[in-house]
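Residue numbers (the working numbering), protein chains in the order written: chain A, 201 to 464; chain B, 2 to 324.
Glycine included, each C-beta is placed from N, C-alpha and C at the ideal position.
Here the structure comes first, spelled out in C-alpha cells, and everything after it is commentary.
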C-alpha cells in the first residue's frame, strides 16, 4: 500500500483516466465519467481535445461535478457552443472521435450496456414495461456505435455484471467475435470496462471480457464473485498501480465537491 | 413586412395546442433550457393525450407524464442527468400509462433533420444493432421490430443500413434566451437540436427569457439561428426554464430540481405540486413570487451571467413589451 487514502470510486476514475492519451479527441458523458476524463486532462493529457455531447467545447468543470451538460458548472468557460448533430454526429458517429467514456447500469460479458430498464426475467417476444425504468441510452449509444474505442465505467456489483443484458441500450461486441462488423457502425467498440474493483478487457478474438487487472484493495476471487459470468483471467493479468500522490491531487482538483469520495 | 408576434402564454396554448397532438419541446438537455412554463400552462388548460417529442426528457416532460397528460413519448434520453431518474416519467412508463419509444441522442436530431428537409428517411449508423432498433413500445408485438428503424440497402455499396423515420411535430415550443417581438431568436449555450426542431415542426412558438430590440439581431445576425419567418408567436416569460438553467440568465435551482422530482414520484405529490406551483400561478409576478424573490436574485447571480453582457444594451423592459 502506498499509504494514500482514497476511495474505490476514486481508483475507478483514475484507472479510467489512464486510458485517455494526450492529444486524443475525446467525449465524456455527464456524471462520474466526466470527472475521469477531466482528471486525465488535469494530469497526463493536457492536450486532450474534449467535448460533451451538447457541443460544448473548450470547457472544464468549475465548482465541482456538473449537474448536466448545460449546467453553469460546464457552461461558464466554453470556447464554443454548437449542437448535438455536430458533437454526436460530425465528431463521434462519423468515426472521428478517438475515445469516449460511458457509464452503465448493467453490462454483459461482451461489453453490451443496458441503461434502459430492469425486467423480471427475459422480456420475451412482447415488449412490456420494465419493473424499473432507467434513463435510456442518451448519447452513450451514439458513442458506443461511433467512437474508435469506448471505456465503460461501472460500479462492480454482481447484479450489474450479467451473462447477457436484458436490453442492449448501447452495443458492445453484441454476440461476440466479429458480430459488430455485420452492422454499419463507424466505431470500434469497448476497449475496457473499468470498475470499482478492477479492469476487464476483451479477448482479441472472442471479444469476451476477461480480468486484466485488480486493484491493491481487491483480488481475483472477490472480482469473480461479483461478476455474473464465468470470468476468465486475461493473459498477463496483473495488479494495477495504485494512484500516485500527483494523480490523486489532480483528480481532487477536478472533483471539487467530492462526488467520488462519498462512497467507500 | 414582418409583424410583432408577442402573445400571452395562455393565448399561445389556447391557439396552438389541442388534445392528441404531437407536441415537441425539451429544447435543450435535461437540466438546461426548456420551455417548462409552456408545459405548466398545458396542464392549466387540461390538455390530454399528448404525443410528446422530447430530444431529452426534462422537468417539463417529467411533470406532464406525472400528471397523466402524455400517452406517447419519443426520447433520446429519459433521465435528469446527475439529478437521477425522472420519477414522474418513470411512474407513467412502469404503470403502462405512457408508451415511451426509445431512441438515442443523435437519432432524435437526425429524425428532425429529416423532417426539416422533408426526406423520406435518414440513414442510421447509430441506434442500429441494439434493442433501440429491435424493441418498439409503440408496436410491442413486433419483435424484432421491422417498422421502427428498418434496414435498407445502401445503393452505392450494397450494404445494409438502418433508416430513421423523419419527425414533423405539430408544434414546437422552443425556449430561447433572447427574442425580439418579430420572432428572431438568440440562444446562449448549446443549441442542442433547436435549429433542426425549429425547421421540422409545422409551427413554432418561442418562449423567451428576455426580449430585445431588433437592433440587437442586426448587430449579431450570425447568432440568430431561428429567424422570424418560421415563427408563429413569441411569449416572453422570465425564468421560463426554472428550475432548470438558462446559460447567461440563471442557474439550475438545485433544491427545487430535487423537491419537484421527489413530488412527481407519487400521485399525491404530483397533485400537491400542481396545486402549489401551477394552479393559479397564471402571471409573471405570481410566478416569480412562487419561486421566491430572494431565490430569483440568487439564481440570477450565475457564473455564466457574463455571457449576456454583449446583449444587455438592447434588453427591453417588461412594460415596453406587454402583449
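Here the alpha carbons of residue 108/B and residue 372/A stand approximately 18 Å from one another. Of the residues assessed, residue 148/B falls on the exposed side of the cut-off, its CB having fewer than 16 other CB atoms within 10 angstroms.
Here residue 135/B is not bridged, per DSSP, to any residue.
DSSP, read as helix, strand or coil, puts residue 349/A in strand.
At least 8 Å separates the beta-carbon of residue 30/B from that of residue 238/B. Scanning chain A for C-beta atoms nearer than 8 Å to the C-beta of residue 144/B yields 325, 326, 327, reported in chain order. Between the stretch 213-232 of chain B and the stretch 247-267 of chain B, the count of C-beta pairs closer than 8 Å stays below three; the two stretches do not touch.
Taking 8 Å as the cut-off, the Cβ atoms of residue 230/A and residue 83/B count as close. Non-local C-beta neighbours of residue 341/A in its own chain, meaning closer than 7 Å and more than five positions away in sequence, comprise 369, 370, ordered along the chain.
Here the alpha carbon of residue 9/B sits roughly 6 Å from the alpha carbon of residue 236/B.
Excluding its 5 nearest sequence neighbours in each direction, residue 459/A has C-beta neighbours in its own chain below 6 Å: 265, listed in chain order.
Annotated as distal: residue 156/B and residue 164/B, with beta-carbon spacing of 8 Å or more. Interface annotation for the stretch 374-394 of chain A against chain B: 374, 380, 382, 383, 384, 385, 386, criterion Cβ-Cβ distance under 8 Å. For residue 220/B, the enclosing alpha helix (DSSP H) covers residues 215-220.
When Cβ-Cβ separations below 8 Å define contact, residue 417/A makes no contact with chain B.
Contact annotation: residue 233/B and residue 205/B have beta-carbon atoms nearer than 8 Å.
The C-beta of residue 153/B comes no closer than 8 Å to any C-beta of chain A.
Within the stretch 62-129 of chain B, the beta strand (DSSP E) runs of at least 3 residues that lie entirely inside it are, in chain order, 71-78, 100-103, 123-125. When the alpha-carbon of residue 23/B is set against those of 73/B, 85/B, 46/B, the nearest one is in 73/B.
For residue 230/A, at least one C-beta of chain B is nearer than 8 Å to its own C-beta.
Taking a 10 Å sphere around the C-beta of residue 136/B, we find 16 or more other C-beta atoms and assign the residue as buried. Burial check for residue 230/B: the Cβ neighbour count within 10 Å stays below 16, so the residue is exposed. Residue contact with chain B for residue 371/A: present (Cβ-Cβ distance below 8 Å to some residue of chain B). Leaving aside the five residues that flank residue 388/A on each side, the residues in its chain whose CB is nearer than 7 Å to its CB run, in chain order, 348, 349. Using a Cβ-Cβ cut-off of 7 Å, residue 138/B is close to 327 of chain A, given in chain order. Of the other Cβ atoms in all chains shown, fewer than 16 fall within 10 Å of the Cβ of residue 273/B; this residue is therefore exposed. Taking 8 Å as the threshold, the shortest C-beta distance from residue 224/A to chain B does not fall below it.
Of all alpha-carbon atoms in 202/B, 307/B, 42/B, the one lying nearest the alpha-carbon of residue 25/B is that of 202/B. A direct Cα-to-Cα measurement between residue 40/B and residue 284/A gives close to 23 Å.
Neighbours of residue 289/A in chain B, taken as residues at a C-beta separation under 8 Å, are given in chain order as 107, 110, 111. Interface criterion met: the Cβ of residue 128/B is under 8 Å from a Cβ in chain A. Within chain A, the residues whose beta carbon sits less than 7 Å from that of residue 305/B are 272, 275, 276, listed in sequence order. In chain A, no part has a C-beta under 8 Å from the C-beta of residue 222/B; the shortest such distance is about 17 Å.
Within its own chain, the residues whose Cβ lies closer than 8 Å to the Cβ of residue 243/A, once the five positions on either side in sequence are excluded, are 217, 446, 447, 450, 451, listed in chain order. Closer than 9 Å at the C-beta level to chain B, one finds these residues of the stretch 238-270 of chain A: 252, 253, 254, 255, 256, 262, 263, 265, 266, 267, 268, 269, 270. Take the alpha-carbon of residue 141/B and the one of residue 323/A: they are about 11 Å apart.
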